[in-house]
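K.L.:
There are 2 protein chains.
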Amino acid sequence: MSTYLILSIVVGLVALGVAVMLSNAISAANAGTARMKEIAGYIHEGAMAFLYREYKYLAIFIVVVAAIIATFLSVSTALCFIGGAVFSICAGYLGMNVATKANVRTAEAARHGMSEALKIAFSGGAVMGLGVVGLGIAGLAVAYFVFDRNIDIVTGFGLGASSIALFARVGGGIYTKAADVGADLVGKVEAGIPEDDPRNPATIADNVGDNVGDVAGMGADLFESYVGAIISALTLGAVAYPGGEGVEFVFMLAVAGILASIIGVMFARSSKSQNPQAALNSGTYIGGAIVIAAAAYLSNSLFGSLDAFWAIAAGLLVGMIIGKITEIYTSADFGSVKKIAQQSETGPATTIIAGLAVGMYSTFWPMLFICIGVIVSFFVMGGATNGGMGLFGISLAAVGMLSTTGLTVAVDAYGPIADNAGGIAEMSELPPEVREITDKLDSVGNTTAAIGKGFAIGSAALTALALFSAYAHTVNLTTIDLLNPVTLVGLFIGATLPFVFGAMTMESVGKAAYEMIEEVRRQFREIPGLLEGKAKADYRKCVDISTAAALHEMILPGVLAIVAPLLIGFLFGTEALGGMIGGSLAAGVLVAILMANAGGAWDNAKKYIESGVHGGKGSEAHKAAVTGDTVGDPFKDTSGPAMNILIKLMTIVSLVFAPVLAAHGGILLNFFK
Amino acid sequence: MSTYLILSIVVGLVALGVAVMLSNAISAANAGTARMKEIAGYIHEGAMAFLYREYKYLAIFIVVVAAIIATFLSVSTALCFIGGAVFSICAGYLGMNVATKANVRTAEAARHGMSEALKIAFSGGAVMGLGVVGLGIAGLAVAYFVFDRNIDIVTGFGLGASSIALFARVGGGIYTKAADVGADLVGKVEAGIPEDDPRNPATIADNVGDNVGDVAGMGADLFESYVGAIISALTLGAVAYPGGEGVEFVFMLAVAGILASIIGVMFARSSKSQNPQAALNSGTYIGGAIVIAAAAYLSNSLFGSLDAFWAIAAGLLVGMIIGKITEIYTSADFGSVKKIAQQSETGPATTIIAGLAVGMYSTFWPMLFICIGVIVSFFVMGGATNGGMGLFGISLAAVGMLSTTGLTVAVDAYGPIADNAGGIAEMSELPPEVREITDKLDSVGNTTAAIGKGFAIGSAALTALALFSAYAHTVNLTTIDLLNPVTLVGLFIGATLPFVFGAMTMESVGKAAYEMIEEVRRQFREIPGLLEGKAKADYRKCVDISTAAALHEMILPGVLAIVAPLLIGFLFGTEALGGMIGGSLAAGVLVAILMANAGGAWDNAKKYIESGVHGGKGSEAHKAAVTGDTVGDPFKDTSGPAMNILIKLMTIVSLVFAPVLAAHGGILLNFFK
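Taken in order, these protein sequences are the chains called Y and Z.
If you read the first sequence in the numbering used here, its first letter stands for residue 675, the second for the next number, and so on.
If you read the second sequence in the numbering used here, its first letter stands for residue 675, the second for the next number, and so on.
1) Pull up the CB-CB distance for Y:T958 and Y:V1085, whole angstroms please, since I reckon it's below 8 Å.
2) When you check each C-beta in the region 1020-1033 of chain Y against every C-beta of chain Z, which residues fall closer than 7 Å?
3) Of all the options Z:L1065, Z:V1217, Z:F1309 and Z:P1159, which has the alpha carbon lying nearest to the alpha carbon of Z:T1137?
4) Below 8 Å on the Cβ atoms is my guess for Y:G1262 versus Y:K1127; work out the distance and round it to an integer in Å.
5) Which residues in the same chain as Z:C764 place their Cβ atom closer than 8 Å to its Cβ, once the five residues preceding and following it in sequence are excluded?
6) Excluding five sequence neighbours on each side, which residues of the same chain lie with their C-beta closer than 6 Å to the C-beta of Y:G1257?
7) Could I get the ranges of all uninterrupted beta strand (DSSP E) runs contained in the region 1253-1339 of chain Y, with 3 residues as the minimum, in chain order?
8) If we ignore side chains and look at the alpha-carbon of each, how far apart do Y:G1021 and Y:Y1213 end up?
9) Looking at C-alpha atoms only, which residue of Z:M1063, Z:K1322, Z:E719 and Z:G847 is the closest neighbour of Z:A1134?
10) Can you list, in chain order, the residues of its chain whose CB lies under 8 Å from that of Z:A1058, leaving out five sequence neighbours each side?
11) Comparing the C-beta of Y:G1057 with each C-beta of chain Z, is any distance below 9 Å?
12) Counting only beta-carbon atoms, is Y:C1045 nearer than 9 Å to chain Z?
13) Should Z:A628 be labelled buried (16 or more other beta-carbon atoms within 10 Å of its own) or exposed?
14) Have a look at Z:L991 and Z:V1073 and give me their C-alpha separation to the nearest angstrom.
15) For Y:D1155, which of helix, strand or coil comes out of DSSP?
16) Rounded to whole angstroms, what is the Cα-Cα separation between Y:S973 and Y:V965?
17) By how many angstroms is the C-alpha of Z:E898 removed from the C-alpha of Y:T747?
18) Just the Cα atoms here: how many angstroms apart are Z:V844 and Z:I713?
19) Taking its Cβ as the centre, do 16 or more other Cβ atoms sit within 10 Å of Z:A1295, making it buried, or is it exposed?
20) Is it true that the CB of Y:G993 sits closer than 9 Å to the CB of Y:F841?
21) Give the residues of chain Y in contact with Z:Y1188, contact being defined as C-beta atoms less than 9 Å apart.
22) Check whether the Cβ atoms of Y:I848 and Y:T1153 lie closer than 9 Å to each other.
23) Using a Cβ-Cβ cut-off of 9 Å, state whether Y:E1227 counts as contacting chain Z.
24) Taking Y:F1053 as the query, report the chain Z residues whose CB atoms sit under 7 Å from its CB, ordered along the chain.
25) Which same chain residues end up closer than 6 Å to Z:E1284 when comparing Cβ atoms and leaving out the 5 residues on each side of it in sequence?
26) Quick check: what's the CA-CA separation for Y:A1235 versus Y:L1139?
27) Between Z:T829 and Z:V1183, how many whole angstroms is the CB-CB distance? I'm expecting something under 8 Å.
28) From the DSSP output, in three-state form, read off Z:L1205 for me.
29) I want to verify the contact list: residues of chain Z whose CB lies under 7 Å from the CB of Y:D1155, in sequence order.
30) According to DSSP, is Z:N949 part of a helix, a strand, or is it coil?
31) Under the assumption that Y:I986 contacts Y:L1042 (Cβ atoms under 8 Å), give the Cβ distance between them as a whole number of angstroms.
32) State the DSSP-derived secondary structure class of Y:L1030, mapped to helix, strand or coil.
33) Mind reading off the beta-carbon distance from Y:V889 to Y:A773? Whole number of angstroms is fine, and I expect it under 8 Å.
34) At what residues does the alpha helix (DSSP H) containing Z:I838 begin and finish?
35) Measuring alpha carbon to alpha carbon, tell me which of Y:A791, Y:L753 and Y:Y678 ends up nearest Y:P950.
36) Between the C-alpha atoms of Y:V801 and Y:V685, what's the straight-line distance to the nearest angstrom?
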C-alpha cells in the first residue's frame, strides 16, 4: 500500500478517535435537572425512532440498488456503493446521537456561563465534523486500495453517499419544517404562546426536527459533498497525471485538511474567550491557514510548480467570497433584509415579493464568482493547451473549498445544538439568563453558518462540474454540442428537474404542515386544560405525524433523482444526458441560491423587526414578516439544501452507469434515425 | 417582385384595411352617458399621456441604437431596425387607441345585451390583432424586397420589434401592477370599498394600466413574436432551400394565416350566440382549420411532400396542448387551484407555498411537450441526415403556432377591454346587470387567453431556438460544446440572467406599488369627505406615479437584455455567447412558465373562494388568497410575460451583431490563452 493511502487511513482513524474522545467528554458532563433529562429524553427518543424507521426504508433501497449495480455493472461497484451508503448512515447517526446528548448538557452548562456552554455545543458539532471527514477519507482510501486503484469502481462509494444524503436531507427537511410550521402557526400565531412552550403539542417534534434535519441531514449532505469532491478530483487527477501524482496530491491534501480541522477544533474549543464568534473564527482561520500552507508545499513538491496551489487558493477564495455575499443578502446589517422589513409595513404580499426579488437578485454574484473560479482554476492549470489538466484544476478548487469540512460541519452543527439547548431551557423553565446565553450562541452560529453555506454551494457547483467532465471522459464524449437539438432537449429537461424537485419537496412540507396544524388545533380544542398548563400535550402524536410524512414524502424525489438521468441516457443517449446534466447543474445551483438566500433574508427580516423596528413584535409588519419567514422555512431548510445534492446525485448516477449507457443508450434516438 | 412578396404586402394591407373598418364601426357606436364619457375620457387621456411620454424615451433609444448599428454593421440594417421599432410602436398605438374607445362602448352595449357587448369588445381586440399581423407581414415583405433578399439585414427589423416589445411589456407591466396593487391593497383591503369604486384615487390608474399593460404591451409582445418567428424561419429556410422555396413557403403560410384570421374574426363577430365562449371558439377553430389545410397544400405543392406540413401541425398541436396544460394548472375546475384554495385556510404562508409549488410543477409538462415539438419537427424534416433541414422544421413549428396570431391577439385583447368596460360601468354607477355581462365576457376571455399563453410560451421557446441556430450558422460555429468550460460559464451566466431580470422587474413593481399605496393612503387621510363620496379623488396624481415609475424602471432591464449578450460575446467569444443563449433560453422559459402559472393559479384560487367555498369573501381564507393573488400579479403580468421577450431579444441581438462578434469577440479569452 502506498504511503499516502496508509496516511489517509491513519489520519481518518485519528479523526474518528478524537470524535469518540470528545463524545465521551460530552457524555460525562452534567445533564441537569430531572425535568431537563425528561425533555431531552423525549427528543432523543423521537430522533432515534425517526432514524431507525428511516434506516428500514434505506436498507430496502440499498439492497435494491446494489442488486441492480451488481447485475449491470459489477459486484465490486455494488460493494463500494454499499460502503458509501453505510458510512453515510454512520456519519449521520454518530452526529445525531451526540447532538441529542450535547443539547441538554449545553443547557446545563449555560447555567454556569457562556464559554462552558460553547465548549459543549461546539464539541457536539465537532464530533460530527470529524466523523464525517474521518469516515470519508478512510473509506475512500480503503476502497481505492482494495479495488486496485480502479476509480470507476470507487465511484460507487460516491453514489452510495449521495443517494443516502438526498434521502436524509429531504426526509429530515420535511420533518423539521412540518413540525416548525405547525408549532409556529398554531402555537405562536393562533394561541399566542411563546416558542418552545411545553403546552404546545408540536414542540417536541420541532426540537426533534432540529436534530434530524439540521444535524443528521446536514451531516449526510456534507459527507456526500466531501466524498464527491474527492472522487471527482481522483478521476480527473488520474487522467491528468497517469503517473499517479494527481491522486497522491488529492489524498495528501485531504489528510492535511483533516489535521488542520483537528487543530482548528481544539483551538476553538479551548478558547477562554467570552465572545463565541471570536472563538469560532480563531479555529476557522487557523485551519484555513494550515491548508493553504500545505497546498503550497504539496503542489511544489509533487508537481514542481504552484499551479495546483493557485487552483486550490482560487477555490478557497471563491468560497469565502460567496459566503460573504450570502451574508450581505441575508444579514440584517445590510440593505436587502432592511428592504424586506420595510416592505412588511404594507403587508405579507409585498414582503413575499420583496423576499423573492432579493433571492433572485442574490443569484448573480455567487454565479459570477463560481464562473470566475471555474475560469481561473481551469486556465491556471494550463487548460488552454491541455483540457484534461484544466478540468483537474476545477476539481481541485472544489477540494480546496471542502478540505476543512471537518471544521465547517463542527461550526454548522453547533447551531442546532445551541438551538435545542434553548428549547430545553424553555421547556424546563430554567431562568431567562440561560436562554439568553443559548440564543447568543445560536445567533453566532447563524452568521458563521452563512460562510459554510457559501462553501456548500460553491463546492457543489464545482464538484458537479468536475463530475460532469469525468462522466464525459468515461463515456468517451468529445463534445456535448448544444447545436444538436437532442442535446438541447436534454438541457431543457435537465433544467426543468430542479423546479419539479423543488415543487415536490415544498408541497410535501405543505401537506405535512397542514396535518400538523390540524393536529395541534385538535389537541388545543379537545384536551381540556392544555392551554392553561393543567394537562399534558400528546407530543408523541405530533412526532408520529412528522415521521410518517417525512418518510413517505422522501421516496418520490429520491427516486426521481436516480431514475431521470438513466431514462434520458437510455432513450436519448449519452450526449443528451450530458446536456441534461449541464441544464440541471445551472438551474439547480440557481434555484438553490435563490431559496437559501430568500429564506435566510426573510428569517432575519423577521428577527430585525422583533428587535424593535417597524413596530416590533406583535405589529402588523411583524405578522407580515412571520408569513415571509414561514414561506422561507421550506426554501432554506428543505428544498434549497436538497438541490445541491440533487445535481451531484444525478451526475454521479450518470458517471457510475456510464459504461452501460455508452453501450446501450439512445434507444429512442436510433428509432428516429 | 415575386408573386409571394406582392401577395404578402397586399394581404397585409387588406388586414390593415379591415382593422380600420372595424375601428370606424366602433367609433360610430354609442359611447353612453355623460358620466361614462367623462370616465372613459380620463382613461383615454391617461393612457395616451403614458404612451407619448414612453415614445419620447423610445425615440432616444431608437436613435442611439440605430447609430450604433449604422456604425458597426450597416446603414441598411439600421433602417430595418428603425422600421421594426416604428411598426411595433404603431401596432401598440393602434390597439390602445381603439381599446380606449371600445371599452366605454362595450359598457354601453352591455346595457342592451351580451351579444352586442361581445361584438364591440371583440372588434376592439380584432383591430389590434389584424394590425399586428398586417404591419408585420407587410413590413417584412417590403424590407425583404428593398434590401435585396438579404436576410441578415432584414433581421434588424426583428431587433427593432423585440427591443420595443421589451420596453413596452416591462413599462406597461410595471404601470398596471403598481396601480392594481395600490388600488387593491388600500381600497379593497384597508378601506373596504369595492373594486373600481370612484372614491378610490388609484382606480383610473388601474384602468389605464389595463390598457397600457394588457393591450399595448401585449400587442408589442405578439408583434415581436410574430416577426421573430418569421425571421428565424426565413433565415433557416434560405439555408435549407437555396432555391428560395423555403422563403416562399414561409411567406405564403403567413398569408394564409392572415386570411384565416380575417375569416375567423368575421365569423366570431357575426355570431348571434348568447354564449361568448362558443362565439370565440367557432372563430378560433375555423381559423385553425384553414391554416392546417393551407399548410398541407403549400407543403405538397412547393416541396412535393408533407414533411413541412407535419412540422407545422406538430407546432400547432404542441401549442394547443400547452394551452390545455396551462388551463389545468390555472383553472378552478381542476385540482391545483383547489389545493391552493384549501391551503388558504391555514393562512397566507401556506397559500404562497402551495402556489409556488404549483408554478414549479407546472413547468414539467409544457417543457416536455416543447421538447417533443423540437424532436418531431426536427426529425420529420429529415434532421437526422440533414441538420439544416431539421432546424428549418423547428422554425416552421414556431411559425405554425403563430400563423393565426391575428386571432390570438383579438381574443387576448378583448379581455382587458371587457374588464375596462366593467370598471367604467362601476364608476358610472350603471345597473348591476351591466357589470354581470362584462364580468361574464371578462371571465370567458381569461379562459381563452390561457390557450393564447400556451402558444406564446411554446412559440417563444421554438423561435428562440431557431434564432439560436441561425446565430450559430451566421458566426460559423460548428459546435457549442459544454465540455469547454468557457461555454459552460456562458451557460451559467445565461441561466442567471432571467433570475436577475425577474428580480429587477418584481422589485420595480414593489417600489412603484409602495409609492402608490402611500399616495392612496394619503388621499384618504388628507382629502376630507373622500371616503363618504362627498369629495373627488385626485386621480391624476396616481396616474403620474404609475407613469413615472414605469418609465424610470423599464430602462435598466431593457438595457441589460441588449448589453449582456454583447458583453459576453466580446469578452468570451461566440461559443461562450452560444452557451449563454442556451442557458438563458432554458432558464427563461422555465421562469416564464412558473410565473405565469403560479400567478394564474393564485388569481383563480381567490376567485374560487369568492364563489363561496372555504368561507367565501371576507373570510380569513379569502384574505390569505388575496395575498397570493397580489404576489401573483407581478408574476403573471410583469415579470413572466417579459421573460419570453427577454430570451428572444438576447438571441436576436446576438444574431444581428454576429458579424462583428465573429470578427472581434473573445478578447478576455485571448488574454487567458
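By construction, the Cβ of each residue, glycine as well, lies at the ideal position given by its N, Cα and C atoms.
Source: prediction; values computed, not measured.
P.N.:
Reading off the structure:
1) Taking the first sequence and counting its residues from 1, the one referred to as residue 958 of chain Y is at position 284. Taking the first sequence and counting its residues from 1, the one referred to as residue 1085 of chain Y is at position 411. Right, their Cβ atoms sit about 7 Å apart.
2) Answer set for the region 1020-1033 of chain Y: T1020, G1021, P1022, A1023, T1024, I1026, I1027, A1028, L1030 and A1031.
3) Position 463 of the second sequence holds residue 1137 of chain Z. Checked all of Z:L1065, Z:V1217, Z:F1309 and Z:P1159; the closest Cα to Z:T1137 is Z:L1065.
4) The residue given as residue 1262 of chain Y occupies position 588 in the first sequence. The residue given as residue 1127 of chain Y occupies position 453 in the first sequence. Their Cβ separation, rounded to whole angstroms, is 15 Å, which puts Y:G1262 and Y:K1127 out of contact at 8 Å.
5) Here residue 764 of chain Z corresponds to residue number 90 of the second sequence, with the count starting at 1. Correct list, in chain order: G805 and L809.
6) Start at 1 with the first residue of the first sequence, and residue 1257 of chain Y comes out as number 583. Contacts found: L1165, G1168 and A1169.
7) Counting whole runs of 3 or more residues, the region 1253-1339 of chain Y contains no beta strand (DSSP E) stretch at all.
8) Sequence index remark: in the first sequence, residue 1021 of chain Y carries index 347 (1-based). Sequence index remark: in the first sequence, residue 1213 of chain Y carries index 539 (1-based). Straight-line Cα distance between these residues: approximately 34 Å.
9) Indexing the second sequence from 1 puts residue 1134 of chain Z at position 460. In terms of Cα proximity to Z:A1134, the closest of Z:M1063, Z:K1322, Z:E719 and Z:G847 is Z:K1322.
10) If you number the second sequence from 1, residue 1058 of chain Z lands on position 384. Result list for Z:A1058: G1064, in chain order.
11) For the purposes of this step, residue 1057 of chain Y is taken as residue 383 along the first sequence, with counting starting at 1. For Y:G1057, the answer is yes, since a Cβ of chain Z falls inside 9 Å of its Cβ.
12) The count along the first sequence starts at 1 and reaches residue 1045 of chain Y at position 371. In terms of beta-carbon proximity, Y:C1045 lines the interface with chain Z, with at least one pair separated by less than 9 Å.
13) Here chain Z has residues from 675 to 1347 only, and residue 628 of chain Z is not among them.
14) In the second sequence, the residue the question calls residue 991 of chain Z occupies position 317. In the second sequence, the residue the question calls residue 1073 of chain Z occupies position 399. Distance between Z:L991 and Z:V1073, taken at the CA atoms: about 12 Å.
15) Along the first sequence, read from residue 1 onward, the residue named residue 1155 of chain Y stands at position 481. Here Y:D1155 sits in strand by DSSP.
16) Translated into positions along the first sequence, residue 973 of chain Y becomes position 299. Translated into positions along the first sequence, residue 965 of chain Y becomes position 291. So the alpha carbons of these two residues sit roughly 12 Å apart.
17) Working through the first sequence from its first residue, we reach residue 747 of chain Y at position 73. Working through the second sequence from its first residue, we reach residue 898 of chain Z at position 224. What sits at residue 747 of chain Y in the sequence shown is Leu, not Thr. Going by the C-alpha atoms only, they are around 52 Å apart.
18) For this step, residue 844 of chain Z is matched to residue 170 along the second sequence. For this step, residue 713 of chain Z is matched to residue 39 along the second sequence. Straight-line Cα distance between these residues: approximately 26 Å.
19) As a position in the second sequence, residue 1295 of chain Z is number 621, starting the count at 1. Result: buried.
20) Here residue 841 of chain Y is taken as the residue at index 167 of the first sequence, counted from 1. Here residue 993 of chain Y is taken as the residue at index 319 of the first sequence, counted from 1. No.
21) Looking up residue 1188 of chain Z in the second sequence gives position 514. Identification of chain Y residues near Z:Y1188 by a Cβ-Cβ cut-off of 9 Å yields Q1016, Q1017, E1019, T1020 and T1024, ordered along the chain.
22) What you label residue 848 of chain Y is simply residue 174 of the first sequence in a count that begins at 1. What you label residue 1153 of chain Y is simply residue 479 of the first sequence in a count that begins at 1. One thing to note: Y:I848 has its Cβ no nearer than 9 Å to the Cβ of Y:T1153.
23) One-based indexing of the first sequence puts residue 1227 of chain Y at position 553. It does not: the Cβ of Y:E1227 has no partner Cβ on chain Z nearer than 9 Å.
24) As a first step, residue 1053 of chain Y is located in the first sequence; it is residue number 379 there, counting from the start. Here the neighbours are F1346.
25) Mapped onto the second sequence, residue 1284 of chain Z falls at position 610. K1291, listed in sequence order.
26) For the purposes of this step, residue 1235 of chain Y is taken as residue 561 along the first sequence, with counting starting at 1. For the purposes of this step, residue 1139 of chain Y is taken as residue 465 along the first sequence, with counting starting at 1. About 17 Å.
27) Here residue 829 of chain Z refers to the residue found at position 155 when the second sequence is read from its first residue. Here residue 1183 of chain Z refers to the residue found at position 509 when the second sequence is read from its first residue. Incorrect: roughly 32 Å between the Cβ atoms, too far for contact.
28) Numbered from its first residue, the second sequence carries residue 1205 of chain Z at position 531. For Z:L1205, the three-state secondary structure derived from DSSP is coil.
29) If you number the first sequence from 1, residue 1155 of chain Y lands on position 481. Under the 7 Å cutoff, chain Z gives T1153, I1154 and D1155.
30) As a working note, residue 949 of chain Z is residue 275 in the second sequence. Three-state DSSP puts Z:N949 in coil, outside helix and strand.
31) If you number the first sequence from 1, residue 986 of chain Y lands on position 312. If you number the first sequence from 1, residue 1042 of chain Y lands on position 368. Incorrect: roughly 20 Å between the Cβ atoms, too far for contact.
32) As a working mapping, residue 1030 of chain Y is identified with position 356 in the first sequence. Three-state DSSP puts Y:L1030 in a helix.
33) Your numbering for residue 889 of chain Y matches position 215 in the first sequence. Your numbering for residue 773 of chain Y matches position 99 in the first sequence. Distance from Y:V889 to Y:A773 at the Cβ level is roughly 4 Å; contact confirmed, criterion being Cβ atoms closer than 8 Å.
34) In the second sequence, the residue the question calls residue 838 of chain Z occupies position 164. Counted as a single uninterrupted DSSP element, the alpha helix (DSSP H) harbouring Z:I838 occupies residues I825 to G856.
35) For the purposes of this step, residue 950 of chain Y is taken as the residue at position 276 of the first sequence. The candidate whose alpha carbon is nearest that of Y:P950 is Y:A791.
36) Numbered from 1 along the first sequence, position 127 holds the residue referred to as residue 801 of chain Y. Numbered from 1 along the first sequence, position 11 holds the residue referred to as residue 685 of chain Y. Y:V801 and Y:V685 have their C-alpha atoms spaced approximately 15 Å apart.
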